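These notes are about the structure you will find just below.
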RNA sequence: GGACAGGUGGCCGAGUGGCUUAAGGCGCACGCCUGGAAAGCGUGUGGUGGGGAAACUCACUCGCGGGUUCGAAUCCCGCCCUGUCCGCCA
């Protein structure tokens with residue numbers, strides 16, 4: 036969400052940002068309407084406040100006369116008229132305000148200068164780690180998993196539908212192991228506070244992080260309740276401090292949470308549907324940071340390193356990709372995707388998305404901090420990243436560490452969590 | 001789900017229609033006092049929006065939203081949340 040003032044003072048900047056996202060044409064009429072609404076809104080505010088000041092003064096005078104047992108009929112009549120005028124103006128103002136808010140909620144965040152313009156073809160690989168295994172002779176994870184008996188796609192589909200999976204035996208245990216490994220690392224070595232949060236949230240929470248009102252069709256909702264299943268722990272965790280004012284001294288702050296994630300994947304039908312590549316329900320550990328605006332660039336790098344560290348501990352080759360503006364999510368100002376190599380499917384799989392949202396989410400969720408006692412509150416910057424998403428990590432682990440006989444040799448860091456070195 | 005009791009500023013707490021532009025206290029900040037501190041005394045202490053270069057000023061804000069009224073923290077209606085008890089339940 037943007038400040039109203041952008042429409043007054045910085046509209047060229049906004050237009051440029053939409054241009055870089057390839058959405059100038061889409062948003063130009065929205066921006067134009069926003070500018071007009073902002074101007075009329077301000078005029079109405081002035082008019083209505085003038086009337087209210089008059090009404091307040093009038094009421095004071097009525098009170099004074101009544102105390103002195105003087106006649107106030109004339110003033111009461113004048114007050115009645117003012118009240119009617121105010122009611123009319125306020126109704127109009129409410130309409131303008133609602134329309135303008137809808138526009139401000141609809142406009143995507145402004146990407147940072149270093150984010151390349153254009154669509155995903157302009158995405159930029161910024162670094163690579165490890166040596167991708169040659170895919171020759173490598174099986175895809177769904178074959179390995181079937182052979183190992185750790186993944187039951189058929190029964191997942193029976194119980195819930197396609198895109199829902201059952202993990203069994205070592206597969207189920209692997210999920211629990213990754214959850215513990217990731218949370219342990221983030222709490223013990225990266226300084227995050229562990230939190231356990233609701234996965235069913237109200238509408239206001241979904242608006243706070245930017246999923247609503249725009250992406251209603253991507254969300255699972257509870258009928259008759261106006262509750263939503265979270266698509267990521269980012270939603271409840273970022274909203275922890277909604278409508279609160281933190282102190283500057285407690286920033287930066289980091290939180291780590293495991294949650295299941297629920298996504299309808301409405302626009303992705305038929306894409307990457309095999310095995311563990313794209314699910315309606317999956318598990319993920321998420322890291323979220325609150326920072327000051329000044330610290331947010333370095334915090335973004337730090338958070339991304341925290342996610343990368345997990346891949347390095349698991350020994351999975353990966354690359355860091357800077358998303359172009361057109362591929363960057365609505366709320367994000369800059370996103371690095373971490374993609375781990377899956378030799379069996381012969382692709383890099385997105386296992387983490389590390390974003391800085393600047394003050395976009397903080398405005399929507401009204402999360403502020405006071406730099407020092409007595410100073411004005413400012414919006415925090417919020418950041419988050421997957422650390423990491425399990426199904427694709429499991430796919431990469433199986434494929435990367437597979438042996439010719441179909442067994443899988445696990446990386447050492449998982450041995451204590453799994454109680455074994457080999458699957459199969 | 002039902003009954004009852006509540007929701008006031010950072011915190012406690014007064015306040016059943018106009019002399020409240022939210023009393024008083026605590027906390028906090030600054031000042032006086034002091035060799036230094038404590039105590040004491042004094043002053044100041046929220047947020048949002050509009051106007052203004054600023055000083056400042058106007059409006060809104062007593063859980064949220066409506067309503068009654070010239071005027072609502074106060075009266076009415078709906079909702080949310082918290083507590084206690086009952087019911088149900090992992």
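Residue numbers (the working numbering): 36 to 459. We treat Cβ as the ideally placed atom computed from N, Cα and C, and that holds for glycine. Keep in mind that this is a model prediction, so the values were computed, not measured.
Start and end residues, alpha helix (DSSP H) containing residue i
i	result
residue 65	59-102
residue 111	108-141
residue 50	46-55
residue 190	188-194
residue 230	Counting along the chain, residue 230 falls outside any alpha helix (DSSP H), and DSSP gives it neither H nor E.
residue 241	238-244
residue 270	269-273
Candidates the options: closest to residue i by CA position
i	options	result
residue 397	408, 387, 388 and 416	416
residue 385	173, 91 and 342	342
residue 70	134, 311, 92 and 348	134
residue 352	125, 271, 197 and 376	376
residue 261	249, 241 and 267	241
residue 137	164, 247, 92 and 198	247
residue 357	158, 449 and 366	158
residue 462	68, 282 and 110	The structure shown does not extend to residue 462, since the chain spans only 36 to 459, so no value can be given for it.
residue 302	156, 344, 192 and 254	254
residue 435	387, 458, 316 and 225	458
residue 170	439, 154, 266 and 118	439
residue 314	127, 51 and 430	430
residue 52	110, 143 and 250	143
residue 210	331, 103, 185 and 223	185
residue 74	103, 48 and 132	132
residue 140	354, 266 and 243	243
residue 195	231, 316, 166 and 371	316
residue 167	454, 380 and 306	380
residue 453	288, 327 and 212	212
residue 414	433, 347, 331 and 165	331
residue 392	118, 68 and 147	147
residue 252	425, 299 and 264	299
Host beta strand (DSSP E) of residue i (start-end)
i	result
residue 320	316-326
residue 295	288-297
residue 391	382-391
residue 331	Element bounds for residue 331: not the beta strand (DSSP E) but the alpha helix (DSSP H), 331-349.
residue 419	416-424
residue 377	369-377
residue 357	353-357
Beta-bridge partners of residue i, as assigned by DSSP
i	result
residue 461	This structure cannot speak to residue 461, because the chain is shown only from 36 to 459.
residue 405	282
residue 395	BP columns for residue 395 are empty, so no partner.
residue 360	According to DSSP, residue 360 bridges with nothing at all.
residue 256	263
residue 365	Looking at the DSSP assignment, residue 365 forms no beta bridge with any residue, so it has no partner.
residue 437	443
residue 413	404
| query | Are the segment 114-130 and the segment 357-365 in contact at 8 angstroms, needing three or more beta carbon pairs? | reply | In this structure the segment 114-130 does not lie against the segment 357-365, because fewer than three pairs of beta carbons, one per stretch, are closer than 8 angstroms.
| task | Please confirm if the segment 441-455 is in contact with the segment 319-335, defined as three or more CB-CB distances below 8 angstroms between the two stretches. | result | With the cut-off at 8 angstroms, the segment 441-455 and the segment 319-335 do not touch.
| query | At which residue ranges does the segment 148-228 contain complete beta strand (DSSP E) runs of 3 or more residues, listed in the order of the chain? | reply | Correct list: 159-164.
| query | Do the segment 231-250 and the segment 206-222 make contact, defined as three or more Cβ pairs closer than 8 angstroms? | reply | Flag = no, the segment 231-250 and the segment 206-222 do not touch.
| said: Count Cβ pairs between the segment 399-408 and the segment 271-286 that sit closer than 8 angstroms; are there 3 or more? | reply: Touching, yes, given that three or more Cβ pairs across the two stretches are closer than 8 angstroms.
| message | Quick test of the definition: if touching needs 3 or more C-beta pairs under 8 angstroms, does the segment 81-91 touch the segment 55-72? | response | Cβ pair count under 8 angstroms is below three, so no.
| field | Inter-stretch contact (C-beta, 8 angstroms, three-pair minimum) for the segment 416-429 and the segment 328-346 | value | With the cut-off at 8 angstroms, the segment 416-429 and the segment 328-346 touch.
| Can we say the segment 185-203 touches the segment 255-273, given the rule of at least three CB pairs closer than 8 angstroms? | Taking a contact to require three or more Cβ pairs closer than 8 angstroms, the segment 185-203 and the segment 255-273 do not qualify as touching.
| task | Check whether the segment 285-303 touches the segment 171-178, taking contact to mean three or more Cβ pairs, one atom from each stretch, closer than 8 angstroms. | result | Contact fails: fewer than three Cβ-Cβ distances are below 8 angstroms.
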